[in-house]
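Chemist:
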Amino acid sequence: MKVLKESPQVKKANDQKAGQVKITFYTDPLCCWSWAFEQHWQKLLRAFDGHIQYQYVLCGMIPDWKTYEDPMNAVSNPLQMGPVWMHASEVTRVKMKYSIWHEDPPASSYPPCIAAKTAGLQSQAAEEQLLLNMRKALMEEGLNISKPEVLLTIAKKMEDAGAHFSFSRFKRDWKNGSGLEPFRNDLRQARFHNIGRYPTLTIHNLKKAEGVILVGYRPYEILQQVVERAIEPDLAE
8 MKVLKESPQV KKANDQKAGQ VKITFYTDPL CCWSWAFEQH WQKLLRAFDG
58 HIQYQYVLCG MIPDWKTYED PMNAVSNPLQ MGPVWMHASE VTRVKMKYSI
108 WHEDPPASSY PPCIAAKTAG LQSQAAEEQL LLNMRKALME EGLNISKPEV
158 LLTIAKKMED AGAHFSFSRF KRDWKNGSGL EPFRNDLRQA RFHNIGRYPT
208 LTIHNLKKAE GVILVGYRPY EILQQVVERA IEPDLAE
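Read in the numbering used here, the sequence shown has 181 at position 174, and its numbers run on one by one without any break.
#1: Between the alpha carbons of L150 and L158, how many angstroms are there, rounded?
#2: Give a yes or no on whether the C-beta atoms belonging to R204 and G223 are separated by under 8 angstroms.
#3: Which of helix, strand or coil does DSSP assign to F44?
#4: Secondary structure at L194, three-state DSSP: helix, strand or coil?
#5: Under the DSSP definition of a beta bridge, which residues are partnered with F32?
#6: Which partner residues of L159 appear in the DSSP bridge assignment?
#7: Check whether the region 92–110 touches the region 122–138, counting contact only when three or more Cβ pairs, one atom from each stretch, lie closer than 8 angstroms.
#8: Count the other CB atoms, across all protein chains shown, that sit within 10 Å of the CB of T125; report buried if there are 16 or more and exposed otherwise.
#9: Within a Cβ cutoff of 7 angstroms, which residues of the same chain sit near F55, ignoring the five residues on either side of it in sequence?
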């Protein structure tokens, strides 16, 4: 597909119609394929800055290891998750600390999901940044982000780095359970739309009823084509 050009006329049209394409990103902090996808997602946000609006839906992939089961990958305990990460790392060439699954396996993805939603009470940017920081801590450093003390340390470092984020408010909201209801809303949304694989993106032009759903890891070129197709009707007006 032809790449959109940033001529003055097109730029003006895009500026007037900024945010007419909405992307909902269904993901989970413990999802290895979502981490591999992160580089393509960030590239997409930069390339179409101002042209799209987006939101994260955190899906609580692993409530606990008593109830979790992934028949597609034959995973029902932490030790079986390591080879899945190893495979994803080899296929995508993205670094993943898969040894965590036998050294200090996360007990649940609920705590980091709730942490991200707690940060989101301050701003979407805070939610997005904390989610990214938690993924990096897990995937690159092998930190167990199901542990509250690890999550609090990551959040404090985010404030120290100069982000527009209040750690004291985060800690208070975390203690009060203020992020629980936003997370429950995400769980309900994912369940309603029958989302069971991550990452999953729904992409649609807000002026149209139909949209596109992308399930699983995809290369950047596919994302670019789908978003361009969603934007082009606006440019034709």
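Just so you know, even glycine gets a beta-carbon here, dropped at the ideal spot from N, CA and C.
Modeler: Quick look at the numbers:
#1: Their backbone Cα atoms lie some 9 angstroms apart in a straight line.
#2: yes
#3: helix
#4: helix
#5: Y63, L208
#6: For L159, which the question treats as bridged, DSSP gives no partner whatsoever.
#7: no
#8: Note on T125: 16 or more other CB atoms within 10 angstroms of its CB, so buried under the neighbour-count rule.
#9: V234
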